[in-house]
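*Asks:* Can you keep this structure in mind? I'll have questions shortly.
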Amino acid sequence: MRRSVVTVAAGFAALAVTAAGCSGKAAGDKPDIQVALIGPMSGPFAVLGISQQNSLNIEIDRINAAGGLDGAKLKLVTRDTGLDPAKGVQAANEMAGNEQVGLVVGPSLTAFYDAAKGTFEENKKINCQPGVSTGSFADLKYGFRSQDPYLLDGQKVVNWLKQEGVKSLGLIYEGDDTGENTDALMKKLLPQAGIEYRGWEKSRDDDQSHRAYVEKFKDAGAIMVSSSVGGSKTMAAAAQVGYKGEIVGAGSGMQNISFIEAAGDAADGAVFPASLYEYPTRKPRSEWKPGYRKHVEEIERKYGKNVGPKTGAQSPKGTTIAADCIFAYEQGVKAAGGTEDPDKIVSAIEVLDVPADKTPSGNAIKPGDSHEFYQQVHLYQWHKDDKGWYTTELNAS
Numbered sequence: 219m220r221r222s223v224v225t226v227a228a229g230f231a232a233l234a235v236t237a238a239g240c241s242g243k244a245a246g247d248k249p250d251i252q253v254a255l256i257g258p259m260s261g262p263f264a265v266l267g268i269s270q271q272n273s274l275n276i277e278i279d280r281i282n283a284a285g286g287l288d289g290a291k292l293k294l295v296t297r298d299t300g301l302d303p304a305k306g307v308q309a310a311n312e313m314a315g316n317e318q319v320g321l322v323v324g325p326s327l328t329a330f331y332d333a334a335k336g337t338f339e340e341n342k343k344i345n346c347q348p349g350v351s352t353g354s355f356a357d358l359k360y361g362f363r364s365q366d367p368y369l370l371d372g373q374k375v376v377n378w379l380k381q382e383g384v385k386s387l388g389l390i391y392e393g394d395d396t397g398e399n400t401d402a403l404m405k406k407l408l409p410q411a412g413i414e415y416r417g418w419e420k421s422r423d424d425d426q427s428h429r430a431y432v433e434k435f436k437d438a439g440a441i442m443v444s445s446s447v448g449g450s451k452t453m454a455a456a457a458q459v460g461y462k463g464e465i466v467g468a469g470s471g472m473q474n475i476s477f478i479e480a481a482g483d484a485a486d487g488a489v490f491p492a493s494l495y496e497y498p499t500r501k502p503r504s505e506w507k508p509g510y511r512k513h514v515e516e517i518e519r520k521y522g523k524n525v526g527p528k529t530g531a532q533s534p535k536g537t538t539i540a541a542d543c544i545f546a547y548e549q550g551v552k553a554a555g556g557t558e559d560p561d562k563i564v565s566a567i568e569v570l571d572v573p574a575d576k577t578p579s580g581n582a583i584k585p586g587d588s589h590e591f592y593q594q595v596h597l598y599q600w601h602k603d604d605k606g607w608y609t610t611e612l613n614a615s
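For the sequence shown, position 94 matches number 312 in my numbering, and the numbering has no gaps at all.
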């Protein structure tokens, strides 16, 4: 049976300040509330972990500067998985058993989280996942996803392919949990859209080239690629064989400039779904969502930009969807009246209904029973011109 839900006011900034002022508690009266980040801080995905860390620190600094939360300061503690599943599980066990940890962000990547989520549930540890692309959160009590839901991602991509008249698609993806979930989703969505599914070629992390995989789909109207480093190998192989169809990503990982660095010019024209990501769109900043703009500009001021040494592609050294984890936790604690009861905090987070202009990510937050922060996604396409790399937003019903 599903848990009960307690109604709570939306997490607007002004309301949050009022709640803090009425608590009668000054930061420093209690031990620090630890926020644990478990992610890749080294290795090929380090840009993800470091970006998450930076955005979490921005939100933590904001809260601490305003007096803290429930009479305490927030403190970030980080554990590096280095893309080692054993380290991810070890860190999850450590943080789940630490009473000072109020919120865990990570471990990133679906397979890592699948191995850790049971521990979080058993220990009633609230966790938020901005780096877990597939799987369901609806049956979890303490886990939330602050990333574009893969079901919406897949539907958005398939809608666009149908709109473009694409007749067939092949999937090239790692043989992991995310690949299995993506394969199952394509088996469901593509026939509904009248698009032939040519099947799944399972790539390996140690593949030097994906040319053999691409050759099997050279006549397909589209190839769906992994959102991780493997996808860039697929795109490079597609360029080598002169593939003429559409290249689409299964998730938002293709927004990462490390992907552009690895794929190079082969990324030009690639399409991917994501939560709001206005930074590379060449849209005037005056038209950005205000909360998103504020967070991004604070990232730039404090940490700067990532600049690809080969491509010159740029991104802020942060990820706003990680910042939403802290933002939502803050609102939940204030609505619950403190940090002591994780069940009350969870119930408060479930019923948040925060408009897009109030959040760090520029996405509306409305988790509900699904525990998905976001209820809509966007579709972007990479382009390159004489001014560099940028994206345009595509229309897909």
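C-beta atoms are modelled at their ideal positions from N, C-alpha and C, and glycine is treated no differently. Predicted, not measured: the structure shown is a model, and the values here were computed from it.
1) Have a look at L266, V265 and L287 and flag the residue whose alpha-carbon is nearest the alpha-carbon of Y547.
2) Our contact map puts Y415 next to L369 with C-beta atoms below 8 Å; I'd like the distance itself, whole angstroms only.
3) Any chance you could list the beta strand (DSSP E) runs of at least 3 consecutive residues sitting entirely within the segment 260-309, in chain order?
4) What are the boundary residues of the alpha helix (DSSP H) that V376 is part of?
5) Kindly indicate which three-state DSSP category E464 falls into: helix, strand or coil?
6) Below 8 Å between beta carbons: does that hold for V525 and G439?
7) Using CA atoms only, rank isn't needed, just tell me which of S273, G417, I475 and P303 is closest to P325.
8) Counting beta carbon pairs with one atom in the segment 582-598 and one in the segment 476-487, are three or more of them shorter than 8 Å?
9) At the level of alpha carbons, what is the spacing between N474 and N341?
10) How is the alpha helix (DSSP H) around Q252 delimited, first residue to last?
11) What are the boundary residues of the alpha helix (DSSP H) that K520 is part of?
12) Report the option in I251, I268 and D250 whose CA atom is closest to the CA atom of P258.
13) Please go through the same chain and pick out, in chain order, the residues whose beta-carbon is closer than 7 Å to the beta-carbon of V307, but skip the five residues on each side of it.
14) For the beta strand (DSSP E) holding P348, just list the boundary residues, first then last.
15) Use the C-beta contact count for A356: other C-beta atoms within 10 angstroms, 16 or more gives buried, fewer gives exposed.
16) Going by the DSSP bridge assignment, what does V459 pair with across the sheet?
17) Evaluate K374 with the Cβ neighbour count: other Cβ atoms within 10 Å of its Cβ, from every protein chain shown; 16 or more gives buried, anything less gives exposed.
18) Out of A309, E312 and T529, state which residue places its alpha-carbon closest to the alpha-carbon of K605.
19) DSSP three-state label for G412, please.
20) Mark V319 as exposed unless 16 or more other C-beta atoms lie within 10 angstroms of its C-beta, in which case mark it buried.
21) With S470 and Q381 assumed to form a contact (beta carbons below 8 Å), what rounded beta-carbon distance in angstroms separates them?
22) Name the residue from V295, K359 and K576 whose alpha carbon lies nearest to the alpha carbon of K562.
23) Please return the same chain residues whose Cβ sits closer than 6 Å to the Cβ of P367, not counting the five positions on each side in sequence.
*Replies:* The structure says:
1) L287
2) Going by Cβ atoms, the distance from Y415 to L369 rounds to 17 Å, so no, they are not a contact pair.
3) 292-298
4) Y368 to Q381
5) strand
6) no
7) P303
8) no
9) 33 Å
10) Premise fails: Q252 lies in the beta strand (DSSP E), I251 to G257, not in any alpha helix (DSSP H).
11) P508 to K520
12) I268
13) A333 and A334
14) Premise fails: P348 is in no beta strand (DSSP E) and is neither H nor E.
15) exposed
16) According to DSSP, V459 bridges with nothing at all.
17) buried
18) T529
19) coil
20) buried
21) Incorrect: roughly 20 Å between the Cβ atoms, too far for contact.
22) K359
23) E590
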